[in-house]
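Student: Before I ask anything, here is the structure I am working with.
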Amino acid sequence: MRYLKIVLVLLLAAQLNGCVLTRLVTMPMRVVGGVLTIIPVAGDVAHKSIDRAADVVDKIPI
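This note's numbering puts the sequence shown at residues 8 to 69.
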């Protein structure tokens with residue numbers, strides 16, 4: 008049973024590397040950017056800059 012837990016933890020760690028990890032970071036950024044588009048003038052500017060920052064984070068090779 009102990010070995011099964013160790014294997015499970017190792018499999019989870021392997022799944023959280025790379026693309027999944029960066030998506031976990033950028034998803035809240037994109038949601039906030041989408042919510043900011045409600046603000047009349049500054050919303051679109053803020054959304055575009057947050058979206059560009061999220062794109063940069065997505066490109067990080069982890």
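Ideal Cβ positions, reconstructed from N, Cα and C, are used throughout, including at glycine.
It should be emphasised that the depicted structure is a prediction, and the values quoted were computed from it without experimental measurement.
Assuming R37 and A61 are in contact, meaning their beta carbons sit under 8 Å apart, how far apart are those beta carbons, in whole angstroms?
Tutor: 5 Å
Student: Within the continuous alpha helix (DSSP H) that includes I57, where are the two ends?
Tutor: 49-65
Student: According to DSSP, is P35 helix, strand or coil?
Tutor: helix
Student: Compare the beta carbon distance of I57 and V39 with 8 Å and say whether it is the shorter of the two.
Tutor: yes
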